[in-house]
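Protein chains in written order, with the working numbering: chain A, 1 to 117; chain B, 1001 to 1192.
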Amino acid sequence: VFKNIVNGVQFAVLLLVGFAVVELFINDADGAPSVDYATGFPEAQVAAELFADNCSGCHGADGSGVSGPSLQGIEDRLSVEDETAVIANGRGGMPPWQGRLTDTQIQLLVRFTREVL
Amino acid sequence: MTGITGAEAPSRPTPWRVLVPFGIGAAVSVLLGIYSKQHDPTGEQVIELFFTGQIQLKAWFATVAFALAMYQLFSGMRLYGTLKFPKTIPSWFGQTHRLSGTLALAFTLPVGYHCLWSLGFQDADGRVFLHSIFGCLFYGGFVAKVIIVRDHRLPGWTLPFVGSIVFTALVVLFLTSSLWFFTNDPLNRSIF
Chain A
1 VFKNIVNGVQ FAVLLLVGFA VVELFINDAD GAPSVDYATG FPEAQVAAEL FADNCSGCHG
61 ADGSGVSGPS LQGIEDRLSV EDETAVIANG RGGMPPWQGR LTDTQIQLLV RFTREVL
Chain B
1001 MTGITGAEAP SRPTPWRVLV PFGIGAAVSV LLGIYSKQHD PTGEQVIELF FTGQIQLKAW
1061 FATVAFALAM YQLFSGMRLY GTLKFPKTIP SWFGQTHRLS GTLALAFTLP VGYHCLWSLG
1121 FQDADGRVFL HSIFGCLFYG GFVAKVIIVR DHRLPGWTLP FVGSIVFTAL VVLFLTSSLW
1181 FFTNDPLNRS IF
């Protein structure tokens, strides 16, 4: 009986594996990024692409946080200078972006997180 | 006629056959690496259940998988005779080995899915790079192990060897994710 149960569990997990593999290819993001760029500043589109390429993996497509913290309302928690320093130098599990992004790109990201997200 | 049918004759190890499971496992690892590198990370949460967030669920699911992997190691060593405890092996013991491995895989599925679909392959620092590499290695190793378990014409060293690879990969994944989150989370988030 126990062997049959284990066989059944293995079959169920095999189905789950198949489902997960299929989902990897057919599951689109839910309309991400869910940010209205039209209301942002003129360079918002450029900043949005920078954000999508470099930040959204940890902070989420809409900045609500995934493995990294939420950036929504960041303007209430950090000054522009502090946020710039965090992006440039990293903090905790976040790597430093100075050297990978230019100062201008970092400034764009700071503005994007404060004005658009 | 020798009187021994094909079904009764003991199957002899065929060394070259090890290339098949290891080749397929390696291909799975490489394909996962390619997918995670090519697929645009969605950055979205997938499933939280009763946890406060995605990362908490992942940390605990990986911990459960790690605990089951420890049982895999113990039961595997007992089945191979490396350990002598318990003195006699109960009839159901081998089935618990199978079940623990299956459940360990099941618990990694939502974790691995989120890593691949939402985060992608990352190399921002040593920890996440190591985690990405061993994540791909784990699933490739698991596929190889499933094939090896069912092929009785492989040399005897292959199963414990690939089992060790899968176990090591899962330990590294646990250390670079769950343990890191529980002990070093720079944001001091709730562990639940």
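No residue lacks a Cβ here, since even glycine has one placed at the ideal position from N, Cα and C. Computed from a predicted model, the values in this text were never measured in an experiment.
Within the stretch 1014-1064 of chain B, no beta strand (DSSP E) run of at least 3 residues lies entirely inside it. Using beta-carbon distances, A/Gln98 does not count as an interface residue toward chain B, since no partner is under 8 Å. Rounded to whole angstroms, the Cβ separation of B/Ala1062 and B/Ser1178 is 4 Å, and the two are in contact under 8 Å. Here the alpha carbons of B/Trp1092 and A/Arg91 stand approximately 50 Å from one another. Closer than 7 Å at the C-beta level to chain A, one finds these residues of the stretch 1041-1058 of chain B: Pro1041, Thr1042, Gly1043, Glu1044, Gln1045, Gln1054, Ile1055.
Between B/Leu1159 and B/Ile1148, the C-beta gap is smaller than 8 Å, which places the two residues in contact. Apart from the 5 residues on each side of it in sequence, B/Leu1049 sits with its Cβ closer than 7 Å to the Cβ of Leu1057 in its chain, given in chain order. Here DSSP, grouped into helix, strand and coil, assigns A/Leu101 to strand. Taking a cut-off of 8 Å for Cβ pairs, the stretch 1098-1112 of chain B and the stretch 107-117 of chain A do not touch, as fewer than three such pairs fall below it. Out of B/Met1070, B/Phe1074, B/Gly1025, B/Trp1157, the CA that lies nearest to the CA of B/Gly1140 is found in B/Gly1025. For a Cβ distance threshold of 7 Å, residue set Leu1109, Tyr1113 of chain B lies close to A/Ala20, ordered along the chain. Counting C-beta atoms within 10 angstroms of its own C-beta, B/Val1128 has 16 or more neighbours from the protein chains shown and is therefore classed as buried.
Per the Cβ contact rule, the stretch 1015-1032 of chain B is not in contact with the stretch 77-86 of chain A (fewer than 3 Cβ pairs under 8 Å).
CA-to-CA, the gap between A/Phe51 and B/Gln1054 works out to about 21 Å.
For B/Tyr1113, the uninterrupted alpha helix (DSSP H) segment begins and ends at 1093-1114. Residue-level contact check: A/Ala47 does not touch chain B, since none of the beta carbons of chain B fall below 8 Å from its beta carbon.
For A/Met94, DSSP records a beta bridge to A/Arg91. Rounded to whole angstroms, the gap between the alpha carbons of A/Val22 and B/Tyr1035 is 13 Å.
Closest option to B/His1131, judged by alpha-carbon separation, among B/Trp1117, B/Val1146, B/Leu1105, B/Val1172: B/Val1172. For B/Ser1164, the enclosing alpha helix (DSSP H) has its first and last residue at 1158-1174.
B/Ala1067 has a beta carbon lying at 8 Å or more from every beta carbon in chain A.
In summary, A/Gly63 is buried, with 16 or more beta-carbon neighbours lying within 10 Å of its beta-carbon over all protein chains present.
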